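J.:
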Ligand SMILES: [Zn+2]
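Here it is as C-alpha cells:
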C-alpha cells in the first residue's frame with residue numbers, strides 16, 4: 005500500500021527525510037563505484053536489485069508476523085507501479101543546474 009500522495013503534497017518532514025535518504029544512498033553508490041570501478045549498467049543493475057531487496061525486507065517486516073506496527077500493508081503490484089514511476093520520473097528529470105542555462109520564454 006502506498007500513500008498515493010504526489011511528492012510535493014507530502015509533509016515537509018517526510019520530504020526532508022526522503023532527501024536525506026536519497027543523498028545517503030547516492031553518496032554510497034558513487035563512493036563505491038569510485039573505489040571499485042564497474043561497468044555503468046552493472047552498477048545500476050546492482051542498485052536496482054538492492055532496491056528490490058530493500059522492498060522485500062521491508063514488506064516482510066510488515067506482513068503477517070512482521071515486527072513493525074506502523075500499519076503499512078505491502079501491495080507489491082501497486083507499490084511496484086509507484087516505484088517504476090519514480091524511477092522513470094527521476095530519469096527524465098532535468099538537472100536543476102540546467103535552469104540557469106534556459107532561455108527566458110517571455111516577460112512578466
Ligand atoms: Zn512499519
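Numbering (the numbering used here), first residue to last: 5 to 112. Each residue gets a CB set at the ideal place from its N, CA and C atoms; glycine is no exception. Nothing here was measured: the structure is a model prediction, and the numbers come from that model.
Within its chain, find whatever has a CB closer than 7 Å to the CB of residue 51; leave out the 5 residues flanking it on each side and keep chain order.
T.: Contacts found: 33.
J.: Would residue 63 and residue 80 qualify as a contact pair, given that the criterion is a beta-carbon distance under 8 Å?
T.: Closer than 8 Å, so yes.
J.: Taking only three categories from DSSP, how would you classify residue 42?
T.: Here residue 42 sits in coil by DSSP.
J.: Span of the alpha helix (DSSP H) holding residue 83?
T.: Where residue 83 is concerned, the enclosing alpha helix (DSSP H) stretches over 80 to 96.
J.: Cβ-heavy atom distance between residue 74 and ligand 1 below 7 Å?
T.: Correct: residue 74 has its Cβ closer than 7 Å to ligand 1.
J.: Hey, would you say the C-beta of residue 66 is under 7 Å away from at least one heavy atom of ligand 1?
T.: It does: the Cβ of residue 66 is within 7 Å (strictly closer) of some heavy atom of ligand 1.
J.: How long is the line joining the alpha carbons of residue 18 and residue 76, rounded to whole angstroms?
T.: Approximately 15 Å, taken between the alpha carbons.
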